[in-house]
């Protein structure tokens, strides 16, 4: 048997055209797991809570107790030094051990919004020393206009929206508290994270110039609502549940928002929606299939 026949997972053949639809990572090639802090204390719904936690940690005189409060891991400890995140609103002085920080650190701590869970925006201390698997590439991609498509690609999906879309950097468990991955619309340098030649081909087909924002709005309109998971329940009920995006009859038209009104969205940091079309904030690992 040819080797390429064994490349994919062994799953039952789909009864629909599911296998013919493009997977999300066919359209948006770069993906990453979200922030994996592996400790709960660096994030909270309220900034004041984070300040109190930092104050207690920094003031702890006993090194053994301090290590327990910090919850050290193999990649993150009181003595570890790391390269800072690229973003200007994050902690720049990560080249020194956190154990040496004083009360002044608490007053100037860099705390930013992030997507803890779908519809649950919290605050996180943007200090690479405090986050076990911090995903610096995602922090570098926190750009104006950025949108993160979040899908569930490791667990079966049975109901709810197919994907989530958020302007906030997401947690590893953002989608439904069971893992997942983020597919940013833009690379850290601002270049669209879109398959080579795709926007040009779609622009030719549609008769108008399409952008990465149009593509994300289309994906959200097709997959980010309960109707998608209802239609493809059997296809999504596998551990390989790779979200796919079915083509509509006319890709130059934005998908109907009738289902989108039932889906969620994560607003931009100032509270406004990401886009009038991309009003979904509950992505899951899906294929973009057609709405026929």
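In UniProt numbering, the protein residues as written are 1 to 292. Every residue gets a Cβ at the ideal spot worked out from N, C-alpha and C, and that includes glycine. Here the structure is a predicted model, which is why all the values come from computation and not from measurement.
Take the Cβ of residue i as the centre, count every other Cβ of all protein chains shown within 10 Å, and call the residue buried at 16 or more, exposed below.
i: residue 20; result: exposed
i: residue 127; result: buried
i: residue 241; result: In this predicted model, residue 241 has a pLDDT of only 43, less than 50, meaning its place in the structure is not dependable enough to derive any value.
i: residue 151; result: buried
i: residue 93; result: exposed
i: residue 108; result: exposed
i: residue 182; result: buried
i: residue 119; result: exposed
i: residue 125; result: buried
Hey, quick one: how far does the beta strand (DSSP E) through residue i stretch, first residue to last?
i: residue 115; result: 111-117
i: residue 22; result: Neither: residue 22 is in no beta strand (DSSP E) and is coded neither H nor E.
i: residue 224; result: Here residue 224 belongs to no beta strand (DSSP E), and DSSP marks it neither H nor E.
Roughly how far, in whole angstroms, is the beta-carbon of residue i from the beta-carbon of residue j, given that I think they are within contact range, below 8 angstroms?
i: residue 112; j: residue 89; result: 6 angstroms
i: residue 149; j: residue 28; result: 6 angstroms
i: residue 40; j: residue 31; result: Residue 40 to residue 31, Cβ: 25 angstroms. No contact.
i: residue 133; j: residue 36; result: 4 angstroms
Could you check the C-alpha separation between residue i and residue j for me, to the nearest Å?
i: residue 258; j: residue 122; result: Because the pLDDT of residue 258 is 33, which lies under 50, any placement of that residue in the model is unreliable, and the number read from its coordinates should be weighed accordingly. Whole-angstrom Cα-Cα distance: 29 angstroms.
i: residue 293; j: residue 18; result: Not covered by the structure: residue 293. The range shown for the chain is 1 to 292.
i: residue 23; j: residue 60; result: 50 angstroms
i: residue 177; j: residue 211; result: 31 angstroms
i: residue 45; j: residue 236; result: 32 angstroms
i: residue 231; j: residue 71; result: 44 angstroms
i: residue 217; j: residue 42; result: 32 angstroms
i: residue 157; j: residue 226; result: 11 angstroms
What residues match up with residue i in a beta bridge as DSSP calls it?
i: residue 36; result: 133
i: residue 122; result: 114
i: residue 181; result: 151
i: residue 170; result: 115
i: residue 43; result: 124
i: residue 186; result: 192
Could you give the first and the last residue of the continuous alpha helix (DSSP H) run that contains residue i?
i: residue 193; result: Premise fails: residue 193 is in no alpha helix (DSSP H) and is neither H nor E.
i: residue 108; result: 103-108
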